[in-house]
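Asker: Could you have a look at this structure, given as structure tokens, before my questions?
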Amino acid sequence: MKNVIIVLLLGFFSLSLSAQQNDTKYEKNKFDCQELLKAVKDGNVQEIKRLLKTIDPNCVYREDGEPRSPLVSAARTGNLEIGRLLVDAKADIEFHAMGDETPLMAASKNGGLDFVKYLISNGAKVNKQLLGDGTALLVAARNGHLKTVSYLLSEGAEVNAVVPGDGTALIQSIKNNHYDISEILLENGADPYLASPGDEYPMFYALESSRGHMVALLEKYQKK
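Numbering (mature numbering (1 follows the signal peptide of the UniProt record, and there is no 0)), first residue to last: -19 to -1, 1 to 205.
Structure follows, in structure tokens:
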């Protein structure tokens, strides 16, 4: 067991180091990126068009806090027009800075369903996992976006994906008292007994918060 933990830690350290090196690569023109990020955050379409003539949208600027890359920023605001501009300018659909979520996770977090659909239609990985964020489905479930959850499930999102420290989509929906989302997850095969490293199993959180409706829902599916 000790050896397994060491291997996992070494693997995580290796991934972190790789991400740091990747960020360094894309920070070479960071002040150009700062301009582009500001324009994205401000929703300034004309300025974005001008900047994209000379600036690679796959860039990182870390000194203004999150988000640190343009497409993630656009996905967080849900501005699909800007998202399209960035992708048309060769923004990588999966690109994100270390410490940020993927564009798909960002769009799922704010319930931007049209943005989610656009990213998936352009090849975004529905089941990508990030420690500290989870998966797109987990993020949508945590934040109470039923339509986004339904769509992600229809696109093959793994309903029982486990991300250590983040849990599962069902754990997050139970924790945050999203009944309709918990129900649709269970209808689509979410395991009511499934725990996660760092989390208890779903019933624990339903009982802990004294939410009788959640307890009854879980009991219904535990009997199946």
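The C-beta atom is built at its ideal place from N, Cα and C for all residues, glycine as well. Since we're looking at a predicted model, the values are computed, not measured.
#1: Taking 9 Å as the CB-CB limit, is Ser154 close to chain D?
#2: Report yes if the CB atom of Leu85 is closer than 9 Å to the CB atom of Val97, and no otherwise.
#3: Which residues mark the beginning and the end of the alpha helix (DSSP H) in which Asn169 is found?
#4: To which residues of the same chain is Leu119 closer than 8 Å at the C-beta, ignoring the five residues directly before and after it?
#5: Which of helix, strand or coil does DSSP assign to Leu134?
#6: Grouping DSSP H, G and I as helix and E and B as strand, with all else coil, what is Asp147?
#7: Residues in the same chain with beta-carbon distance under 6 Å from Gln203, minus the five sequence neighbours each way, listed in chain order, please.
#8: So the alpha helix (DSSP H) Val120 belongs to, where does it begin and stop?
#9: Can you give me the C-alpha to C-alpha distance between Asp37 and Ala171, rounded to a whole angstrom?
Answerer: To lay it out plainly:
#1: No chain D appears in this structure, which consists of one protein chain only.
#2: Counting from 1 along the sequence shown, the entry for residue 85 is found at position 104. Counting from 1 along the sequence shown, the entry for residue 97 is found at position 116. Yes, the Cβ-Cβ distance between Leu85 and Val97 is below 9 Å.
#3: Locating residue 169 in the sequence shown gives position 188, where the first residue counts as 1. Per DSSP, Asn169 lies in no alpha helix (DSSP H) and is assigned neither H nor E.
#4: Reading the sequence shown from its first residue, position 138 is the one you call residue 119. Excluding positions up to five away in sequence, the list reads Ala142, Val144, Asp147, Gly148, Thr149, Ala150, Gln153.
#5: Residue mapping note: residue 134 aligns to position 153 of the sequence shown, counting from 1. Of the three classes helix, strand and coil, the one that applies to Leu134 here is helix, per DSSP.
#6: Taking the first residue of the sequence shown as position 1, residue 147 is located at position 166. DSSP places Asp147 in coil when its eight states are reduced to three.
#7: Residue 203 sits at position 222 when you count from the first residue of the sequence shown. Pro173.
#8: Stepping through the sequence shown from its first residue, residue 120 is reached at position 139. Unbroken alpha helix (DSSP H) run through Val120: 117 to 123.
#9: Taking the sequence shown and counting its residues from 1, one reaches residue 37 at position 56. Taking the sequence shown and counting its residues from 1, one reaches residue 171 at position 190. Answer to the nearest angstrom: the Cα atoms are 41 Å apart.
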